[in-house]
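S.K.: Starting off with a structure, shown below.
Numbering (this note's numbering), first residue to last: 33 to 284.
Rendered as structure tokens:
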């Protein structure tokens, strides 16, 4: 049986307004097929470059307002045990160094400065900001509110959250059912309960003053199941950072 490959040049699409749910709003006509190339591993024509590249003639990039420019930390190429990782297995970093900050923002009649300083090592939300290739390195321009906290060590347990963020050490999953049956790793339900390790100074009100959070370090809390950003500590424990509004209750 002959093997064929559908090529982009042989497709004629009409009436495509959106791809909601992978359904088209019009019709697709296939004009021809081209022979399939054996051992084809990539589709170069479909590669999309997400980062914006700044030309070398520009030597300064100054963020505006409450935005921050972060130089992205390089992805780890080895595991803790020294095993080299393939590119596909290298976890995308969520941290970097602040290299420039904006002038801040206004709250009512008060000017509020950026709370992080140049040189600080920060952790940010996973999908925040715009990636920029600048001065030969990958950077991220993001709003200050997308920065989760300041981390000056290599262990997430030392994170100092910013604004209304909370750092929680996730409770271990139950290993047995209520009837005493042992659970496999796949069957263990991921808990949404943990101990508060650190909290931010609170959000700013309209006058530029901090509003203290309703949770404190040491509290055991119940939080929204799909909120926040997850991290693995140096000791193998699971941690999560989330907004205080995602904490639903304090347990005692």
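Yeah, the Cβ is synthetic: ideal placement off N, Cα and C, and Gly gets one too.
Using three-state DSSP, classify residue 179 as helix, strand or coil.
M.R.: As a first step, residue 179 is located in the chain shown; it is residue number 147 there, counting from the start. Of the three classes helix, strand and coil, the one that applies to residue 179 here is strand, per DSSP.
S.K.: Can you tell me the Cα-Cα spacing of residue 126 and residue 186, whole angstroms?
M.R.: Here residue 126 refers to the residue found at position 94 when the chain shown is read from its first residue. Here residue 186 refers to the residue found at position 154 when the chain shown is read from its first residue. Near 12 angstroms, if we compare the C-alpha coordinates of residue 186 and residue 126.
S.K.: At what residues does the beta strand (DSSP E) containing residue 266 begin and finish?
M.R.: The residue you call residue 266 lines up with position 234 of the chain shown. Segment: none, residue 266 is in no beta strand (DSSP E) and carries neither H nor E.
S.K.: Who does residue 198 pair with in a DSSP beta bridge?
M.R.: Locating residue 198 in the chain shown gives position 166, counting from the first residue. Residue 198 is bridged to 231 and 274.
S.K.: Are the CB atoms of residue 197 and residue 273 nearer to each other than 8 angstroms?
M.R.: The residue labelled residue 197 in the question sits at position 165 within the chain shown. The residue labelled residue 273 in the question sits at position 241 within the chain shown. In contact: residue 197 and residue 273 (Cβ atoms closer than 8 angstroms).
S.K.: Closer than 8 angstroms by C-beta to residue 248: which residues in its own chain qualify, once you throw out the five before and the five after it? Chain order, please.
M.R.: Along the chain shown, read from residue 1 onward, the residue named residue 248 stands at position 216. If we look at residue 248 and ignore the five residues flanking it on each side, its Cβ neighbours are 228 and 231.
S.K.: Taking the beta carbon of residue 242 as the centre, do at least 16 other beta carbons fall within 10 Å, making it buried, or is it exposed?
M.R.: Against the chain shown, residue 242 aligns to sequence position 210. Classification of residue 242: exposed, given that the 10 Å Cβ count is below 16.
S.K.: Run the CB neighbour count on residue 193, radius 10 Å, all protein chains shown included, and call it buried at 16 or more, exposed below.
M.R.: Here residue 193 refers to the residue found at position 161 when the chain shown is read from its first residue. The residue in question, residue 193, is buried, as its Cβ has 16 or more Cβ neighbours within 10 Å.
S.K.: For the beta strand (DSSP E) containing residue 154, list its first residue and its last residue.
M.R.: For the purposes of this step, residue 154 is identified with residue 122 of the chain shown, where counting begins at 1. Where residue 154 is concerned, the enclosing beta strand (DSSP E) stretches over 153 to 156.
S.K.: Suppose you measure from the CA of residue 284 to the CA of residue 252; what does that come to, to the nearest Å?
M.R.: For the purposes of this step, residue 284 is taken as the residue at position 252 of the chain shown. For the purposes of this step, residue 252 is taken as the residue at position 220 of the chain shown. Using only the alpha carbons, I get a separation of about 7 angstroms.
S.K.: What are the partner residues of residue 258, as DSSP defines its beta bridges?
M.R.: Here residue 258 is taken as the residue at index 226 of the chain shown, counted from 1. DSSP lists no partner for residue 258.
S.K.: Among the candidates 254, 234 and 158, whose CA atom is the shortest distance from the CA of residue 201?
M.R.: Along the chain shown, one-based indexing puts residue 201 at 169. When each option's Cα is compared against that of residue 201, the closest is 254.
S.K.: Counting C-beta neighbours from all protein chains within 10 Å, is the total for residue 152 16 or more, i.e. buried, or is it exposed?
M.R.: Taking the first residue of the chain shown as position 1, residue 152 is located at position 120. Flag for residue 152 reads buried.
S.K.: Please state the DSSP three-state secondary structure of residue 188.
M.R.: Residue numbering aside, residue 188 sits at position 156 when the chain shown is read from its first letter. In this structure, residue 188 counts as helix in the three-state DSSP scheme.
S.K.: Short check: CB of residue 98 to CB of residue 136, under 8 angstroms?
M.R.: Taking the first residue of the chain shown as 1, we reach residue 98 at position 66. Taking the first residue of the chain shown as 1, we reach residue 136 at position 104. The answer is yes: Cβ separation under 8 angstroms.
S.K.: If you run the structure through DSSP and keep just helix, strand and coil, what is residue 173?
M.R.: For this step, residue 173 is matched to residue 141 along the chain shown. Residue 173 falls in the strand class under three-state DSSP.
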